[in-house]
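Peer 1:
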Amino acid sequence: MSTRHNQKASFVVLLFLTTTLTASFTLTPNSSFASTETENTLMQPEGTQDMETTTNGTTSTANATAKPNIVLVHGGWADGGSWSKVIPTLTNAGHRVIAVQLPLHSTAEDIATVNRAVELVGGPTILVGHSYGGYVITNAGANNPNVTGLVYIAAFAPDEGEALGTFVTPDKLPPGILIVDSAGLTYLNPDLFHESFAADVNATEALIMAVSQKPFNQSIFGEPSGPPAWKQLPTWYQVSESDLMIPPDTQRMFAQRMNATTISVDTSHSSYVAHPDEIAQLILDAAGGNTQ
Numbered sequence: 068m069s070t071r072h073n074q075k076a077s078f079v080v081l082l083f084l085t086t087t088l089t090a091s092f093t094l095t096p097n098s099s100f101a102s103t104e105t106e107n108t109l110m111q112p113e114g115t116q117d118m119e120t121t122t123n124g125t126t127s128t129a130n131a132t133a134k135p136n137i138v139l140v141h142g143g144w145a146d147g148g149s150w151s152k153v154i155p156t157l158t159n160a161g162h163r164v165i166a167v168q169l170p171l172h173s174t175a176e177d178i179a180t181v182n183r184a185v186e187l188v189g190g191p192t193i194l195v196g197h198s199y200g201g202y203v204i205t206n207a208g209a210n211n212p213n214v215t216g217l218v219y220i221a222a223f224a225p226d227e228g229e230a231l232g233t234f235v236t237p238d239k240l241p242p243g244i245l246i247v248d249s250a251g252l253t254y255l256n257p258d259l260f261h262e263s264f265a266a267d268v269n270a271t272e273a274l275i276m277a278v279s280q281k282p283f284n285q286s287i288f289g290e291p292s293g294p295p296a297w298k299q300l301p302t303w304y305q306v307s308e309s310d311l312m313i314p315p316d317t318q319r320m321f322a323q324r325m326n327a328t329t330i331s332v333d334t335s336h337s338s339y340v341a342h343p344d345e346i347a348q349l350i351l352d353a354a355g356g357n358t359q
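Numbering (my numbering), first residue to last: 68 to 359.
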């Protein structure tokens, strides 16, 4: 009798333990999964928000402290390599620099070339234009949120509807300076290049510039400009006092109506080749927002 009682008691205990363990295994995984899922649902937005805040905060700080990119835009009868004496000073100061190569076949192509360069480097970006390059940056910088300033180096700065020919026409250039090919592309006469375009550049450099010049489509002289970026952005201007290509008085007019921070240099049209230190400093002033 005692043995049967003990066996019965043991069976009851064993049954109880089995039932308890079964219930535990059945409930615990679901409970654990629900808890983990709840934590993930609650924590993920908070973590994402923190990450976005940190990222946006870092980006904002970086944009606020980053040195501007600089896009250099040559004019007619030149190319991007003509900025060679200015570029090292700008890059040594920590700026990313691109010297674009304009096709010089139409204003639309040239403006698009600069816009692609700005798109490539992003903002903030300072646009620098020499001669006809001023026309290009006047249009490329308009309503472009990545562009924060404009620098004109002995350059055209037209208002809307004005063309290069409003200020300078081929017949007003030094006599015999233009040579026109069968496609209507113009070259500067190599025999007159030094004295007319780069009088204060040494003879060897001037010869290289003359030989490597890019032809300029004469139709560009009549193409009207669009809404000017200089009405939206701060501007800097360098006047070449001995310029034979764009009259110094015309340059001063551009600078005055833009209310540009202005320097004057007794130099030829090729001021950025003859006086690279002064030109580089003006660009650095613009990049630093210095209007003194």
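C-beta: ideal position from N, C-alpha, C; glycine also.
Distance, Cα to Cα, alanine 322 vs threonine 334?
Peer 2: Mapped onto the sequence shown, residue 322 falls at position 255. Mapped onto the sequence shown, residue 334 falls at position 267. Answer to the nearest angstrom: the Cα atoms are 17 Å apart.
Peer 1: Can at least three beta-carbon pairs, one atom from the stretch 297-310 and one from the stretch 233-240, be found at a separation below 8 Å?
Peer 2: Because the criterion of three Cβ pairs below 8 Å is not met, the stretch 297-310 and the stretch 233-240 do not touch.
Peer 1: Rounded to the nearest angstrom, what separates phenylalanine 264 and glutamine 318 at their Cα positions?
Peer 2: Against the sequence shown, residue 264 aligns to sequence position 197. Against the sequence shown, residue 318 aligns to sequence position 251. The straight-line gap from Cα to Cα measures roughly 16 Å.
Peer 1: Valine 235 bridges to which residues according to DSSP?
Peer 2: Here residue 235 corresponds to residue number 168 of the sequence shown, with the count starting at 1. Paired residues: none, contrary to the question.
Peer 1: Go through the stretch 176-233 residue by residue and report every complete run of the beta strand (DSSP E) that reaches 3 residues or more, in order.
Peer 2: Qualifying beta strand (DSSP E) stretches, in chain order: 192-197, 214-220.
Peer 1: Find out if the Cβ-Cβ distance for the pair tryptophan 150, tyrosine 254 is shorter than 8 Å.
Peer 2: Start at 1 with the first residue of the sequence shown, and residue 150 comes out as number 83. Start at 1 with the first residue of the sequence shown, and residue 254 comes out as number 187. Cβ atoms of tryptophan 150 and tyrosine 254: not closer than 8 Å.
Peer 1: Who are tryptophan 303's beta bridge partners in DSSP?
Peer 2: In the sequence shown, the residue the question calls residue 303 occupies position 236. Val218, Thr328, per the DSSP bridge assignment.
Peer 1: Distance, Cα to Cα, glutamate 308 vs glycine 148?
Peer 2: Reading the sequence shown from its first residue, position 241 is the one you call residue 308. Reading the sequence shown from its first residue, position 81 is the one you call residue 148. Cα to Cα, the separation comes out at about 24 Å.
Peer 1: Between the stretch 340-351 and the stretch 238-249, can you find at least three pairs of beta-carbon atoms closer than 8 Å?
Peer 2: No, because fewer than three Cβ pairs between the stretch 238-249 and the stretch 340-351 fall closer than 8 Å, the two stretches do not touch.
Peer 1: Going by the CB atoms, is the gap between valine 164 and threonine 192 shorter than 8 Å?
Peer 2: Working through the sequence shown from its first residue, we reach residue 192 at position 125. Working through the sequence shown from its first residue, we reach residue 164 at position 97. Cβ distance not < 8 Å, so threonine 192 and valine 164 don't count as in contact.
Peer 1: Leaving aside the five residues before and after alanine 354 along the sequence, list all residues of the same chain whose C-beta is less than 7 Å from its C-beta, in chain order.
Peer 2: For this step, residue 354 is matched to residue 287 along the sequence shown. Cβ neighbours of alanine 354 beyond the five flanking positions: Lys134, Pro135, Ile137, His162, Ile193.
Peer 1: What residue does the beta strand (DSSP E) around isoleucine 287 start on, and which one ends it?
Peer 2: Residue 287 sits at position 220 when you count from the first residue of the sequence shown. Neither: isoleucine 287 is in no beta strand (DSSP E) and is coded neither H nor E.
Peer 1: DSSP three-state label for valine 268, please.
Peer 2: Within the sequence shown, residue 268 is the residue found at index 201, counting from 1. Of the three classes helix, strand and coil, the one that applies to valine 268 here is coil, per DSSP.
Peer 1: List the whole-angstrom C-beta distance separating isoleucine 330 from serine 173, where the pair is believed to meet the contact cut-off of C-beta under 8 Å.
Peer 2: In the sequence shown, the residue the question calls residue 330 occupies position 263. In the sequence shown, the residue the question calls residue 173 occupies position 106. Rounded, the Cβ-Cβ distance is 32 Å, inconsistent with contact.
Peer 1: Could you tell me the distance, in whole angstroms, from the CA atom of glycine 208 to the CA atom of valine 140?
Peer 2: Here residue 208 refers to the residue found at position 141 when the sequence shown is read from its first residue. Here residue 140 refers to the residue found at position 73 when the sequence shown is read from its first residue. Distance between the alpha carbons of glycine 208 and valine 140: 12 Å.
Peer 1: Along the alpha helix (DSSP H) that carries leucine 351, what are the first and last residues, could you check?
Peer 2: The count along the sequence shown starts at 1 and reaches residue 351 at position 284. 343-354 is the span of the alpha helix (DSSP H), which, as asked, contains leucine 351.
Peer 1: Of the choices Ala327, Trp297, Ala277, whose alpha-carbon is the least far from that of aspartate 146?
Peer 2: To locate residue 146, count along the sequence shown from 1; it is residue 79. The option with the nearest alpha carbon to aspartate 146 is Ala277.
Peer 1: Out of curiosity, what's the CA-to-CA distance linking alanine 129 and glycine 190?
Peer 2: Walking along the sequence shown from the start, residue 129 turns up at place 62. Walking along the sequence shown from the start, residue 190 turns up at place 123. Residue placement at alanine 129 cannot be trusted, given a pLDDT of 47 that sits under 50; what the coordinates show is reported in the next sentence. Rounded to the nearest angstrom, the two C-alpha atoms are 11 Å apart.
Peer 1: Leaving aside the five residues before and after alanine 266 along the sequence, list all residues of the same chain whose C-beta is less than 6 Å from its C-beta, in chain order.
Peer 2: Along the sequence shown, read from residue 1 onward, the residue named residue 266 stands at position 199. Excluding positions up to five away in sequence, the list reads Ser335.
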